[in-house]
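Asks: Sharing a structure with you now.
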Amino acid sequence: MSLNFYRRVAFGLSPNEKPDKDPLNWAINQLDTIPDLLWPGTIPTEKDLRKKYGEWVYGDREVLRKKFKNDKHAYRKAKDELRIKTGERYFELNEHAIRHFQTKYSKQPIFERFWLFWGNHFAISEKDFLAEFSTGPYQREIIRPNMVKTFEEMVLSVTTSWCMIHHLDNSESFGPNSKKGMEWGETINENHARELLELHTVSPNAGYTQEDVIQLAYIMTGWAHKWDRKNLETGDIWFDQEMHQKGDKVVLGVKYKNDAKRELAKVIHDLATHPICIKFVSTKLCRHFITDEPTDEMINPVIDAWNKSNGSLIEIHKAVITQAYKYNEITHKFHPPEIWLMQLSRMFDLNIPLSFEKMNYTFKIKPNNRQRQLSWILREIGHSPYRAKQPNGWSDLEVDWVSPELLLRRFWFASVELPMLVKSGNRSHSFILSCLKNNFEEHENMASLIDNFRFGTSDYDLGQKYGVICNLPGVLKI
Amino acid sequence: MNCTRRNFLIGGSTTLFLSGYFPKISFASMQKKNLIIISLRGGMDGLTAVPVIGDKRLKKLRKKLILEDVLNLNSDFGLHPKLEIFHKLWQKNQAGIVHATNIPYTGRSHFDGQNLMETGAHIPYKEKTGWLGRGLLASNIIGKGLAISLPMPLLLRGVPQNNNFFPSPDFVETKLIDQIYNEFKGEHNELIKSTLDTIRQRPLSMQIATDSDDRKKLALEAAKQLKDQSGPRVAVFDLDGFDTHAAQGGVDGAHADELEEVNKIVTILHENLGQAFDNTLILTLTEFGRTIKQNGGYGTEHGYGSAILMAGGLLKKSQVYTDWPGLKKKELFEGRDLNSTIDSRAVYNSAMSVCFNQDPEFLRKEVFWGDELPDLSQDLFKI
């Protein structure tokens, strides 16, 4: 088995890891349990961060805007202070550190790759202040614990999470015949219902109609944050009977009797176990790990595992890895920028993320450049993970990641930024050669391409070497 | 007034096919013509950008979203106050609107819709190339596409060697590419290899490092490239954020902020293209319009018919070109959306025919599978 399997399904091998005698077994054994989060620094809870979110929006909208309505400059200054005080400019940086620390050091890197996959399948795109306060904890507290449960349980958790409900506006969806709907003349907002069908479960292949979307939106009415004057939209999620559309609903030909909050779990059961959903999600998994256009032969064993295990994600993940292993030598897969960065960080033991001591934040001054570095790099290489542009998340297709500028950004990172991330003990040429040998069959050819710089250890020399190595076809693509 | 259907249906042109195409050999056609597309992702609300004036039904359904201070275009339509440049150009016959138009897609999904607005097809995800890319290829215009975005938009795919401009913060030595270029072997490395070709052929001014957050700088460079007689002939800008389910607002809401971005780009292009603006067409593109009725969050839902904002010296005259469907309940699409009475692909096909000096019939077959798209060149553009 080629060494590239360790990059296909994980992040490559760090300098102190060695390839396993039985790579498939090594990989499959990583999926039964949830690895602990390793970040030694602060790992705030979703609830804590939502409170901060609340302080930020309340402070800005309800206090500062009124207080400084006639003084633009004073308003701006007060707002900047509030940003620092609530950590509005900090928490996303910390989340990126938690995430990249995990993919760099995890003893179960395969699990972490699936974590990235599901976080992107149930993507939270750039909206309001979610990337700052909410998307990171959502990935940790909603996505991660469900990865050893069933797909259906994952969908239900995601759908009733504060982050997704805020992201897709379900708090603004009122049953037109509900008490509040009638009183206030409000109606549904079908955004969340549509994405639940289209992106999270059955996909448009199921042939649902506009009426199905409306009916599902009716079922979902009432699942909203509990609003109050002080917390605004950052209250807990609850089921508000007074927003809920009364009466029976029909989605994809199935009737759901008027049953208040219990309707949602029923419809999610049917959607998450729908054969078209199973095929759609299995295809996405194979696309992520095997190749852009997976064939039925690649996908079918994943579907079988899904059906046999009633949607157990552990079994599904094992089937995907088995297929990735089987097709490793005859397929190619291009890796998007963030995974490429994570792999470089692990293989060459780069100095990212910053140490937890240095990531410490006092809520008194704005985050410094070193604290912002990782997030800035992610943005510049075109892949800031919690800021997908649309709710369908980041693409898994090579064509979406290859443009002159996107490739240039990789050359930029490897030749300009990366040398500054090389640890002082790792600047020798022999270190690079040993990392290459650890991860690439073709390491001799790779070494020959940087041989001209074998005596150089300056930032410039390292830039010339890493600029070449990191952008070779076998590194950009498995 | 209350606009009703076919009040101002224009000259029957939407049903008439032109019988022939006679390319004119003149100085004007020797000049390079630029086609600039600004993608407005999320579903641009045609009724916010170009509101119909005095429609009681619209006022009633959109109590919280009604605009004051609209810029008047004619007795029937106004313009959102943030779209100043279009108003200014309107006075000079260099701005226009196509209204109640959209791609023939009624599914109301962003992702399917955006896929279709770029591929020009009927089935989402079926086509892997964009109509603009295919139009360039069919017209044998290669290596003349420029995207102002980090990824290459689907819209431009289908023709090789497109460029994009969204520079990194530091200068990148392209000699690194020369060192590894020959390592890219085999079919599975073709896409990367051809992209590296494009990078190696870039003009010097595109190798600068800059702040790509600054749309002004990006638009400036685009104008500079487009002005160059041997530079790109097509540019694509990408804006998102038009999906205003909540707090859409009127003059200052979320939709207004997005329109302001469009205005900014067109202003810079106009100022910096100079004479080349006379040989330029700028058109917007979106996946769908939005519902007439405001929703629970004072936003609007995904709809159908929208509008195309147009600017440039290649416009025939200032006009709101439309076959207005009306806003009465029964005139709306599925009782909720502004209908689309003009397949927007007809506008884009005609625009390509003008800018690429190509027979619209030929393009229609090559690019849009021979779909029935009337030639609107004579109505909309200078030919």
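Residue numbers (the numbering used here), protein chains in the order written: chain G, 1 to 478; chain W, 1001 to 1383.
Even glycine gets a Cβ: it sits at the ideal position worked out from N, Cα and C.
Because the structure is a prediction, the values reported are computed rather than measured.
In its own chain, which residues sit with a C-beta less than 6 Å from the C-beta of G:Asn120, not counting the 5 before and 5 after it?
Replies: Numbered from its first residue, the first sequence carries residue 120 of chain G at position 120. Excluding positions up to five away in sequence, the list reads Gly393, Trp394.
Asks: Taking W:His1099 as part of the beta strand (DSSP E), name the residues at either end of that continuous run.
Replies: Here the question's residue 1099 of chain W lines up with position 99 in the second sequence. Counting along the chain, the beta strand (DSSP E) containing W:His1099 begins and ends at 1095–1102.
Asks: Within 9 Å of any Cβ in chain W, is that where the Cβ of G:Phe151 sits?
Replies: Residue mapping note: residue 151 of chain G aligns to position 151 of the first sequence, counting from 1. Answer no: the Cβ-Cβ gap between G:Phe151 and chain W never drops below 9 Å.
Asks: Where does the unbroken alpha helix (DSSP H) through W:Gly1046 begin, and where does it stop?
Replies: Residue mapping note: residue 1046 of chain W aligns to position 46 of the second sequence, counting from 1. Taken as a continuous stretch (DSSP letters only), the alpha helix (DSSP H) holding W:Gly1046 covers 1046–1049.
Asks: In terms of alpha-carbon separation, which member of G:His332, G:Pro353, G:Pro367, G:Gly382 lies closest to G:Lys423?
Replies: By one-based count along the first sequence, residue 423 of chain G stands at place 423. Measuring from the Cα of G:Lys423, the nearest candidate turns out to be G:Pro353.
Asks: What are the uninterrupted segments assigned as beta strand (DSSP E) that are 3 or more residues long and contained completely in the segment 222–284 of chain G, given in chain order?
Replies: As far as the segment 222–284 of chain G is concerned, its whole beta strand (DSSP E) runs of at least 3 residues are 223–225, 237–239, 249–251, 254–256.
Asks: Confirm, please, whether the CB-CB distance from W:Ala1311 to W:Ile1268 is below 9 Å.
Replies: As a working mapping, residue 1268 of chain W is identified with position 268 in the second sequence. As a working mapping, residue 1311 of chain W is identified with position 311 in the second sequence. Their beta carbons are not under 9 Å apart, which means W:Ile1268 does not touch W:Ala1311 by this criterion.
Asks: Using 9 Å as the limit for Cβ to Cβ distance, is W:Gly1107 near chain G?
Replies: Start at 1 with the first residue of the second sequence, and residue 1107 of chain W comes out as number 107. Yes, its Cβ sits closer than 9 Å to a Cβ of chain G.
Asks: Using CA coordinates, which residue listed in G:Trp412, G:Phe174, G:Gly382 is at the minimum distance from G:Thr187?
Replies: Start at 1 with the first residue of the first sequence, and residue 187 of chain G comes out as number 187. Selected option, being the one with the closest Cα: G:Phe174.
Asks: Which residues does DSSP list as the beta-bridge partners of G:Thr150?
Replies: Numbered from 1 along the first sequence, position 150 holds the residue referred to as residue 150 of chain G. DSSP, once it has assigned bridges, lists G:Ser312 as partnering G:Thr150.
Asks: So who's on the other strand from W:Ile1148, going by DSSP bridges?
Replies: In the second sequence, residue 1148 of chain W corresponds to position 148, counting from 1. In DSSP, W:Ile1148 forms a bridge with W:Phe1237.
Asks: Compile a chain-ordered list of the residues in the segment 222–240 of chain G whose CB is closer than 7 Å to at least one CB of chain W.
Replies: Listed by position, the residues of the segment 222–240 of chain G near chain W (Cβ gap below 7 Å) amount to none.
Asks: Give the secondary structure of W:Ser1139 by DSSP, where H, G and I count as helix, E and B as strand, and everything else as coil.
Replies: Numbered from its first residue, the second sequence carries residue 1139 of chain W at position 139. Correct three-state label for W:Ser1139: coil.
Asks: Where are the alpha helix (DSSP H) runs, 4 residues long or more, that stay fully inside the segment 159–189 of chain G, in chain order?
Replies: The segment 159–189 of chain G contains these whole alpha helix (DSSP H) runs: 162–167, 179–184.
Asks: Check distances from the C-beta atoms of the segment 175–205 of chain G to those of chain W and list, in chain order, the residues that come in under 7 Å.
Replies: Cβ contacts with chain W come from Glu186, Thr187, Asn189, Glu190, Asn191, Arg194, Glu198, Pro204.
Asks: Is there contact between the segment 1220–1228 of chain W and the segment 1040–1052 of chain W, where contact requires at least three CB pairs shorter than 8 Å?
Replies: Contact fails: fewer than three Cβ-Cβ distances are below 8 Å.
Asks: So if I threshold CB-CB distances at 9 Å, which residues from the segment 1029–1059 of chain W count as touching chain G?
Replies: Residues passing the 9 Å Cβ filter: Arg1041, Gly1042.
Asks: Taking Cβ-Cβ distances shorter than 7 Å, what residues in chain W pair up with G:Gln390?
Replies: As a position in the first sequence, residue 390 of chain G is number 390, starting the count at 1. Those are His1110, Phe1111, listed as they occur along chain W.
Asks: Compare the C-alpha of G:Gly59 against each of G:Gln102, G:Thr160, G:Thr234 and name the closest.
Replies: On the first sequence, residue 59 of chain G is found 59 positions in, with the first residue counted as 1. Taking only the C-alpha atoms, the option nearest G:Gly59 is G:Thr234.
Asks: Can you find the residues in the same chain that come closer than 8 Å, C-beta to C-beta, to W:Lys1024, ignoring five residues on each side of it along the sequence?
Replies: The sequence position of residue 1024 of chain W within the second sequence is 24, counting from 1. Note on W:Lys1024: pLDDT 48, under 50, position unreliable in the model; the coordinate value appears next. Counting only Cβ-Cβ distances below 8 Å, and skipping sequence neighbours, we find Ile1383.
Asks: Determine the extent of the beta strand (DSSP E) in which W:Arg1290 is found, giving its start and end residues.
Replies: Locating residue 1290 of chain W in the second sequence gives position 290, where the first residue counts as 1. Element bounds for W:Arg1290: 1290–1294.
Asks: Determine, for W:Ala1219, whether the minimum Cβ-Cβ distance to residues of chain G falls below 9 Å.
Replies: For the purposes of this step, residue 1219 of chain W is identified with residue 219 of the second sequence, where counting begins at 1. Taking Cβ atoms only, chain G never reaches closer than 9 Å to W:Ala1219, which makes this a no.
Asks: Quick one: residues in its chain with C-beta nearer than 7 Å to the C-beta of W:Tyr1021, no 5 flanking neighbours on either side, listed in chain order?
Replies: On the second sequence, position 21 is the one that residue 1021 of chain W refers to. Because the pLDDT of W:Tyr1021 is 48, which lies under 50, any placement of that residue in the model is unreliable, and the number read from its coordinates should be weighed accordingly. Same-chain partners within the cutoff: Asp1359, Pro1360, Glu1361.
Asks: Closer than 9 Å, Cβ to Cβ, to anything on chain W: give me those residues from the segment 406–417 of chain G, in chain order.
Replies: Hits within the stretch, in order: Leu406, Leu407, Leu408, Arg409, Phe411, Trp412, Phe413, Ala414, Ser415, Val416, Glu417.
Asks: What is the DSSP secondary structure of W:Asn1007, reduced to helix, strand or coil?
Replies: Looking up residue 1007 of chain W in the second sequence gives position 7. Confidence at W:Asn1007 is low in this model, with a pLDDT of 43, below 50, so the placement of that residue is unreliable and no value is reported for it.
Asks: Would you mind reading off the limits of the beta strand (DSSP E) that contains W:Val1320?
Replies: Position 320 of the second sequence, counting from 1, holds the residue named residue 1320 of chain W. That run of the beta strand (DSSP E) goes 1320–1322.
Asks: At what residues does the alpha helix (DSSP H) containing G:Ala447 begin and finish?
Replies: By 1-based counting over the first sequence, the position of residue 447 of chain G is 447. Counting along the chain, the alpha helix (DSSP H) containing G:Ala447 begins and ends at 443–449.
Asks: Against chain G, with Cβ distances strictly below 9 Å, would W:Glu1301 count as a contact?
Replies: Mapped onto the second sequence, residue 1301 of chain W falls at position 301. W:Glu1301 counts as touching chain G.
Asks: Quick check on G:Pro404 - is its C-beta less than 9 Å from some C-beta in chain W?
Replies: Your numbering for residue 404 of chain G matches position 404 in the first sequence. Interface residue, yes.
Asks: Within a Cβ cutoff of 7 Å, which residues of the same chain sit near W:Ala1028, ignoring the five residues on either side of it in sequence?
Replies: Here residue 1028 of chain W is taken as the residue at index 28 of the second sequence, counted from 1. In this prediction, W:Ala1028 scores a pLDDT of 49, lower than 50, which makes its location untrustworthy; the coordinate-derived value is nonetheless stated afterwards. The answer is none, since no qualifying residue turns up.
Asks: Considering only residues of the segment 1324–1365 of chain W, which uninterrupted beta strand (DSSP E) runs meet the minimum length of 3 residues and lie entirely inside it, listed in chain order?
Replies: Fully enclosed beta strand (DSSP E) runs of 3 or longer: not present.
Asks: Report the rounded CA-to-CA distance for G:Val468 versus G:Ile316, giving the unit in angstroms.
Replies: By 1-based counting over the first sequence, the position of residue 468 of chain G is 468. By 1-based counting over the first sequence, the position of residue 316 of chain G is 316. So the alpha carbons of these two residues sit roughly 37 Å apart.
Asks: For a contact defined as C-beta to C-beta under 9 Å, what are the partners of W:Glu1260 on chain A?
Replies: Absent from the structure: chain A. Protein chains present are G and W.
Asks: Just grab the DSSP bridge partners of W:Ala1311 for me.
Replies: Numbered from 1 along the second sequence, position 311 holds the residue referred to as residue 1311 of chain W. In DSSP, W:Ala1311 forms a bridge with W:Ala1095, W:Ile1282.
Asks: Use the C-beta contact count for G:Gly181: other C-beta atoms within 10 angstroms, 16 or more gives buried, fewer gives exposed.
Replies: Here the question's residue 181 of chain G lines up with position 181 in the first sequence. So G:Gly181 counts as buried.
Asks: Just to confirm the assignment, what range does the alpha helix (DSSP H) spanning G:Asn94 have?
Replies: In the first sequence, counting from the first residue as 1, residue 94 of chain G sits at position 94. Element bounds for G:Asn94: 91–105.
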